[in-house]
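Number of protein chains: 2
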Amino acid sequence: MIQTDLIKGSLRTIVLKLLKENGRMYGYEITRKVEELTAGKIKLTYGALYPVLHKLESEGILITEQENYNNRIRVYYSLTEKGHSLVSEKIRELMEFIESLQGIVNPQTGPTYA
Amino acid sequence: MIQTDLIKGSLRTIVLKLLKENGRMYGYEITRKVEELTAGKIKLTYGALYPVLHKLESEGILITEQENYNNRIRVYYSLTEKGHSLVSEKIRELMEFIESLQGIVNPQTGPTYA
DNA sequence: TACATTATATAAACATCTTATATATTTTGG
DNA sequence: CCAAAATATATAAGATGTTTATATAATGTA
Numbered sequence: 000m001i002q003t004d005l006i007k008g009s010l011r012t013i014v015l016k017l018l019k020e021n022g023r024m025y026g027y028e029i030t031r032k033v034e035e036l037t038a039g040k041i042k043l044t045y046g047a048l049y050p051v052l053h054k055l056e057s058e059g060i061l062i063t064e065q066e067n068y069n070n071r072i073r074v075y076y077s078l079t080e081k082g083h084s085l086v087s088e089k090i091r092e093l094m095e096f097i098e099s100l101q102g103i104v105n106p107q108t109g110p111t112y113a
Numbered sequence: 000m001i002q003t004d005l006i007k008g009s010l011r012t013i014v015l016k017l018l019k020e021n022g023r024m025y026g027y028e029i030t031r032k033v034e035e036l037t038a039g040k041i042k043l044t045y046g047a048l049y050p051v052l053h054k055l056e057s058e059g060i061l062i063t064e065q066e067n068y069n070n071r072i073r074v075y076y077s078l079t080e081k082g083h084s085l086v087s088e089k090i091r092e093l094m095e096f097i098e099s100l101q102g103i104v105n106p107q108t109g110p111t112y113a
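Protein chains in written order, with numbering that gives the first Met the number 0: chain A, 0 to 113; chain B, 0 to 113.
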């Protein structure tokens with residue numbers, strides 16, 4: 000598994016992106032989705048995820064709905080209007096960051112002449 | 000400029016990668032190189048860089064040589080043997096992380112059918 | 001019946017980064 | 001010639017974000 004130090008700073012954006020794509024999700028589901036999309040390489044810890052979700056909620060970026068499923072409580076999170084208008088910006092920033100990282104780690108990237 | 004939150008966790012690897020490529024560098028030079036490689040998008044702060052450099056030195060991953068250039072002291076950093084054997088591993092991890100991020104942010108990536 | 005999975009949550013400890021501050025020389029532009 | 005910008009390193013306080021440990025509880029599986 001990838002050392003999750005690397006995730007620092009991008010967790011918020013990852014959460015927002017997934018919620019944008021999937022409409023609404025609960026915490027556990029988010030961790031599973033990330034594992035799925037990264038072939039098991041990134042595993043979110045709940046100690047990091049839940050504080051982020053709660054903070055996003057307190058900032059008015061997410062809203063929660065509690066539902067009961069098999070006698071277990073599920074807390075669904077979804078984007079507010081404010082959240083929606085923020086996501087694209089955040090994703091763009093993250094993509095720009097990824098490109099920058101590639102510029103450093105992989106500086107020879109460019110047109111390949113055959 | 001990209002919010003440097005995102006840099007968290009990858010700063011160490013960035014430094015190691017640059018030192019591997021350029022042999023030896025001084026702190027200021029590293030910040031310039033990162034700006035150059037990222038088209039000004041990533042600007043390292045000295046409050047982040049120097050502690051990282053000092054820590055890497057204390058861990059035996061870097062060694063320093065002080066030189067005088069125009070009455071200004073320059074502290075050159077370069078990889079130790081231990082450092083060299085660590086870099087490839089760290090770079091591989093970072094690249095894997097970048098790929099994983101892309102898997103999340105850009106899930107539709109794949110062959111494009113014209 | 002025991003273990004794995006599903007599900008949320010918090011607290012303490014730790015790591016890392018930003019911002020502010022300090023110091024000092026050389027180069028450049030007016 | 002003088003002021004400002006660039007060059008160069010460094011630390012401390014505060015903020016932020018993450019890991020690890022812990023707690024609770026129901027369902028599914030072997």
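All C-beta atoms in this analysis are idealised placements derived from N, C-alpha and C, irrespective of residue type, glycine included. Remember, predicted model here, so these are calculated numbers, not experimental data.
Contact check, L78(A) vs L15(A), beta carbons under 9 Å: Residue mapping note: residue 78(A) aligns to position 79 of the first sequence, counting from 1. Residue mapping note: residue 15(A) aligns to position 16 of the first sequence, counting from 1. Yes.
E98(B) versus I41(B) - alpha carbon distance: By 1-based counting over the second sequence, the position of residue 98(B) is 99. By 1-based counting over the second sequence, the position of residue 41(B) is 42. Our two residues, E98(B) and I41(B), have alpha carbons roughly 19 Å apart in a direct line.
Span of the alpha helix (DSSP H) around I62(A): Position 63 of the first sequence, counted from the first residue, corresponds to residue 62(A). If you look at I62(A), you'll find it isn't in any alpha helix (DSSP H); it sits in the beta strand (DSSP E) that goes 61–68.
Outcome for S9(B) when other beta-carbon atoms lying within 10 angstroms are tallied against a minimum of 16: For the purposes of this step, residue 9(B) is taken as residue 10 along the second sequence, with counting starting at 1. S9(B) is buried by the Cβ-count criterion.
Cβ neighbour criterion (16 or more within 10 Å) applied to L54(B): Here residue 54(B) corresponds to residue number 55 of the second sequence, with the count starting at 1. Looking at the sequence shown, residue 54(B) is not Leu but Lys. Looking at its Cβ environment, which holds fewer than 16 other Cβ atoms inside 10 Å, K54(B) is exposed.
Close Cβ partners of L43(B) (< 6 Å) along its chain, the five nearest in sequence each way excluded: As a working mapping, residue 43(B) is identified with position 44 in the second sequence. These residues qualify, in order along the chain: T30, V33.
L43(A), DSSP secondary structure in three states: Residue mapping note: residue 43(A) aligns to position 44 of the first sequence, counting from 1. If DSSP states are grouped into helix, strand and coil, L43(A) belongs with coil.
L18(A) to E66(B) span [Cα, whole Å]: Counted from its first residue, the first sequence places residue 18(A) at position 19. Counted from its first residue, the second sequence places residue 66(B) at position 67. So the two alpha carbons sit approximately 53 Å from each other.
Under 8 Å by beta carbon: chain B residues contacting M94(A): Within the first sequence, numbered from 1, the residue matching residue 94(A) stands at position 95. Within 8 Å Cβ-Cβ: V104, N105.
Nearest-angstrom beta carbon gap, L61(A) and L48(A) [assumed within contact, 8 Å]: For the purposes of this step, residue 48(A) is taken as the residue at position 49 of the first sequence. For the purposes of this step, residue 61(A) is taken as the residue at position 62 of the first sequence. Under the criterion of beta carbons closer than 8 Å, L48(A) and L61(A) do not qualify as touching, at roughly 12 Å.
Selection from Y76(A), L85(A), G102(A), S84(A) that minimises the alpha carbon distance to N21(A): Mapped onto the first sequence, residue 21(A) falls at position 22. Comparing Cα-Cα distances from N21(A) to each of Y76(A), L85(A), G102(A), S84(A), the minimum goes to Y76(A).
Within chain B, the residues that V14(A) reaches when beta carbons sit closer than 7 Å: One-based indexing of the first sequence puts residue 14(A) at position 15. Near V14(A) there are no residues of chain B at all, since even the closest Cβ is about 10 Å away, more than 7 Å.
Anticipated Cβ contact below 8 Å, T12(A) with K89(A), distance rounded: As a position in the first sequence, residue 12(A) is number 13, starting the count at 1. As a position in the first sequence, residue 89(A) is number 90, starting the count at 1. In this structure, T12(A) and K89(A) form a Cβ contact; the two beta carbons are roughly 5 Å apart against a cut-off of 8 Å.
Candidates V74(B), E35(B), N69(B): closest to R23(B) by CA position: Within the second sequence, residue 23(B) is the residue found at index 24, counting from 1. Taking only the C-alpha atoms, the option nearest R23(B) is V74(B).
Cα-Cα separation between N70(A) and F96(B), rounded to whole angstroms: Taking the first residue of the first sequence as position 1, residue 70(A) is located at position 71. Taking the first residue of the second sequence as position 1, residue 96(B) is located at position 97. Rounded to whole angstroms, N70(A) to F96(B) spans 37 Å at the Cα level.
Cross-strand partners of S77(A) (DSSP beta bridge): For the purposes of this step, residue 77(A) is taken as the residue at position 78 of the first sequence. Note: S77(A) sits in a beta bridge opposite R23(A), I62(A).
Pairwise C-alpha distance: M94(A) and I103(B): For the purposes of this step, residue 103(B) is taken as residue 104 along the second sequence, with counting starting at 1. For the purposes of this step, residue 94(A) is taken as residue 95 along the first sequence, with counting starting at 1. Cα to Cα, the separation comes out at about 11 Å.
Beta-carbon proximity check, G82(B) vs G46(B), cutoff 9 Å: Counting from 1 along the second sequence, the entry for residue 82(B) is found at position 83. Counting from 1 along the second sequence, the entry for residue 46(B) is found at position 47. In this structure, G46(B) does not lie closer than 9 Å to G82(B) by Cβ.
Under 9 Å by beta carbon: chain A residues contacting L18(B): Residue mapping note: residue 18(B) aligns to position 19 of the second sequence, counting from 1. Within chain A, no residue comes near L18(B); the closest Cβ sits about 12 Å away, beyond 9 Å.
V74(B): contacting residues in chain A (beta-carbon distance under 9 Å): Counting from one through the second sequence, the residue named residue 74(B) turns up at place 75. Using a Cβ-Cβ cut-off of 9 Å, V74(B) is close to nothing in chain A; its nearest Cβ partner there is about 21 Å away.
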